[in-house]
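Which chain is which? The protein sequence lines are X and D, in order. According to the numbering used here, the first sequence is numbered sequentially starting from 1183. According to the numbering used here, the second sequence is numbered sequentially starting from 115. These notes are about the structure you will find just below.
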Amino acid sequence: MDIPFTVKERPDTGLYNGKLGIWLFLASEVMLFGGLFSAYVFLRTGAESWPVGSDILNVPMATLNTMFLITSSVTMVMSWASLKLNDFGKFKMYLGFTILLAFGFLVVKYFEYTAKFEHHLYPSTNNFLGIYFTMTGLHVLHVVGGIIVIFYFLVPGNKMWQSDPDRFVNRIEIVGLYWHFVDLVWIFLFPVFYLL
Amino acid sequence: MSEYTPEEIHHHVKTYVMVFVALAALTIITVSISYLDLGVLPAVTLALIVASIKGSLVACYFMHLISEKVTIYWTLLVTLAFFLVLMFVPLSTMLVQAKV
């Protein structure tokens, strides 16, 4: 009845199934964001004029958000490393910091969006703002999704550490891979929209 | 997953801290460059190079791609190929227009 290869590696792939699963999901995510980056290039190269991001958007706020996400990636990987060292207390601390930093990102993003709306800058205003809100909005949804899953493993889902620790460590590795991907997407969104 | 010894994990942690410092430094560099008036093409090229370095650091060290199984490398290689096709679609229309 047990799900096979949650801990043990599958002989043909050399991986536990969840890990191949998350990488396949991330491959689909690359195509999702890739399609939107492609749309961005299409819009920008076809436009007669394109605004400089820093004239419209708030670079210091986005730089702060970049730091939040980079730091949250480190705390995420440190929580996994803490579990590998059997330190459950530190695991919870690092995972808690990851959620706090993710909320920090959302708060900054909230202020950024509301400042745009106050100046009557909407997705429908022009193509730049249209693709900006689409891509950063989709990214924000990914951050929210990450917070939900990380919170699950921090509080209700952490019982598995007692019953099946190896499987729990793998779950943390998998959510970590997702979270680093969210960071990676922002690493490209930041210069593309704010700095160019 | 149980292949790592505690010593190796401690070594990993040191690497994570170094990668974090590098990512923070590269963020400051890319923001600073954007304040220079370089012109569109050099600015885009430099920003994308810095972003690619940062992305590679995250993928290689935080996502452990530097020591991953071949199945994942193949999956990502195919993904990369399709991603490049996606990026080439708008660029190809540009080239067609440039000829006209």
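Glycine residues also receive a C-beta, built at the ideal position from the N, C-alpha and C atoms. The structure displayed is predicted, hence computed values, not measured ones.
Query raised in the report: Once you ignore the five residues that flank Val1364 (chain X) on each side, which residues in its own chain have a CB closer than 8 Å to its CB?
Result: Leu1251, His1321, His1324, Val1325, Gly1328
Query raised in the report: When you compare each of X:Tyr1222, X:Ser1306, X:Leu1197 to Phe1370 (chain X) by their alpha carbons, which one comes out closest?
Result: X:Tyr1222
**Report entry** Below-8 Å beta-carbon distance, His125 (chain D) vs any chain X residue
**Finding:** no
Query raised in the report: Along chain X, which residues have their Cβ under 7 Å away from the Cβ of Lys168 (chain D)?
Result: Ile1369
Query raised in the report: Under three-state DSSP, which class holds Met1243 (chain X)?
Result: helix
Query raised in the report: Which residues of chain X have a Cβ atom closer than 8 Å to the Cβ of Thr193 (chain D), listed in chain order?
Result: Ala1209, Val1212, Met1213
Query raised in the report: Met1258 (chain X) by DSSP, collapsed to three states: which one?
Result: helix
Query raised in the report: Is any beta-carbon of chain X found at less than 8 Å from that of Lys213 (chain D)?
Result: no
Query raised in the report: If you measure from the beta carbon of Ser116 (chain D) to each beta carbon in chain X, is any gap under 8 Å?
Result: Unreliable placement is indicated for Ser116 (chain D), whose pLDDT of 48 sits below 50; the coordinate value is still reported in the next sentence. So, interface residue.
Report task. Please check if any C-beta of chain D sits within less than 8 Å of the C-beta of Thr1263 (chain X). Result -> According to the sequence shown, residue 1263 (chain X) is Ala rather than Thr. It does: the Cβ of Ala1263 (chain X) has a partner Cβ on chain D nearer than 8 Å.
Query raised in the report: From Met115 (chain D) to Gly1286 (chain X), what does the alpha carbon distance come to, in whole angstroms?
Result: The pLDDT assigned to Met115 (chain D) is 44, lower than 50, so where the model puts this residue is not dependable, and the model offers no usable value.
Query - Check whether Val1351 (chain X) and Ile1332 (chain X) have beta carbons under 8 Å apart - result: no
Report task. Determine whether the Cβ of Thr1318 (chain X) lies closer than 8 Å to any Cβ atom of chain D. Result -> no
Requested in this report: Compare the Cα-Cα distances from Tyr1376 (chain X) to each of D:Val158, D:Val135, D:His125, D:Phe134 and report the closest residue.
Outcome: D:Val158
Requested in this report: Return the CA-CA distance between Val184 (chain D) and Gly1196 (chain X), expressed in angstroms with no decimal places.
Outcome: 9 Å
Report task. List the whole-angstrom C-beta distance separating Ser1236 (chain X) from Ser148 (chain D), where the pair is believed to meet the contact cut-off of C-beta under 8 Å. Result -> 7 Å
Query raised in the report: Just by C-beta distance, which residues in the segment 1338 to 1366 of chain X are closer than 8 Å to chain D?
Result: Asp1348, Val1351, Asn1352, Glu1355, Gly1358, Leu1359, His1362, Phe1363, Asp1365, Leu1366
Query raised in the report: At least one CB of chain D closer than 8 Å to the CB of Leu1283 (chain X): is that the case?
Result: no
Requested in this report: Let me know if Ser1130 (chain X) comes out buried or exposed under the rule of 16 or more other beta-carbons within 10 Å of its beta-carbon.
Outcome: Any property of residue 1130 (chain X) remains undetermined from this structure, which presents chain X solely from 1183 to 1378.
Query - For Glu182 (chain D), the three-state DSSP class (helix, strand or coil) - result: coil
Report task. Specify the secondary structure class of Thr193 (chain D) as computed by DSSP and reduced to three states. Result -> helix
Query - Per-residue DSSP class, three states only, for Ser116 (chain D) - result: Because Ser116 (chain D) carries a pLDDT of 48, less than 50, the predicted location of this residue cannot be relied on, and the following value inherits that uncertainty. Residue state, collapsed to three classes: coil.
Query raised in the report: Do you know whose CA, among X:Lys1274, X:Leu1311, X:Pro1305, X:His1302, lies nearest Pro1338 (chain X)'s CA?
Result: X:Lys1274
**Report entry** Beta carbon proximity, Met177 (chain D) to chain X, threshold 8 Å
**Finding:** yes
Report task. Assign Pro1186 (chain X) to one of two classes, buried (16 or more other C-beta atoms within 10 Å of its C-beta) or exposed (fewer than that). Result -> exposed
Query raised in the report: Considering only residues of the segment 126 to 180 of chain D, which uninterrupted beta strand (DSSP E) runs meet the minimum length of 3 residues and lie entirely inside it, listed in chain order?
Result: none
Query raised in the report: So what does DSSP say about Asp1346 (chain X), is it helix, strand or coil?
Result: coil
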